[in-house]
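Contents: one structure, followed by commentary.
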Amino acid sequence: MVQNGIPAKYGGFETFVEKLTAHQSNKNLKYHVACLSNGIQENFNHNDADCFNISNKNIGPANAIYYDLAALKYSLKEIVENRYEGAIIYILACRIGPFIGHYKKQMKKLGITLMVNPDGECEIIWATRQKPDFMRVYAAWPFHLNLFLPVMVRCGRFHRF
């Protein structure tokens, strides 16, 4: 799971993950949660979930993209190193739509399920062209979501890729 972290500090996704991990009914499931860090590197345990820190790089708006990519790379590395079978990567607020294709191919080879829950009032734009213009995607993202690319995931629904 990728989000700002637990214990919940901001509400929304953090509260969702806080409650999900606190009230887990299947002890055979192990949760691993990416947490935004301001310098702390050590993993920690909260509600029996392994929480790993992703450093804040202070690179402005691009930090959200960096965070999602770094958390995804870390998650894939952990899944491979620990030989987790039937792993599910659940991204709560995905800001890496144009980049996810590369990782999706790797996940498919490893038998990993990718689930995405679009963020609040945003929509996730899924690049379907062979060579999308990534800069144009990000430039248009906040302003013209309904017009940009043909494949979109509507808010509030889970989507499995």
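For the record, in the sequence shown the residue sitting at position 156 is 1552 according to our numbering, with numbers rising by one throughout.
Note that CB positions come from ideal geometry on N, CA and C, so glycine has one too.
Please read these numbers as outputs of a predicted model, since none were measured by experiment.
Buried or exposed: which applies to residue i, given that a residue is buried once 16 or more other Cβ atoms fall within 10 Å of its Cβ?
i       : result
Leu1425 : exposed
His1498 : exposed
Ser1421 : exposed
Gly1435 : exposed
Ala1458 : exposed
Does the distance from the C-beta atom of residue i to that of residue j stay below 8 Å?
i       : j       : result
Ile1475 : Ile1450 : no
Asp1444 : His1428 : no
Lys1501 : Leu1510 : no
Ile1455 : Arg1491 : no
Ala1430 : Ala1467 : yes
Leu1432 : Tyr1463 : yes
Check whether the Cβ of residue i sits closer than 7 Å to any heavy atom of the ligand SAM, and report yes or no.
i       : result
Gly1507 : With respect to the ligand SAM, the structure shown offers nothing to examine, as it has no ligands at all.
What did DSSP end up calling residue i once you bin it into helix, strand or coil?
i       : result
Asp1464 : helix
Tyr1470 : helix
Tyr1499 : helix
Ala1458 : helix
Ile1487 : strand
Leu1506 : helix
Ile1475 : helix
List the whole-angstrom C-beta distance separating residue i from residue j, where the pair is believed to meet the contact cut-off of C-beta under 8 Å.
i       : j       : result
Leu1488 : Asn1513 : 5 Å
Tyr1470 : Phe1448 : 6 Å
State the start and end residues of the unbroken beta strand (DSSP E) segment that holds residue i.
i       : result
Leu1432 : His1428 to Ser1433
Ser1451 : Ala1445 to Ser1451
Asn1441 : Phe1440 to His1442
At what residues does the alpha helix (DSSP H) containing residue i begin and finish?
i       : result
Lys1423 : No alpha helix (DSSP H) holds Lys1423; DSSP gives it neither H nor E.
Glu1410 : Phe1409 to Ala1418
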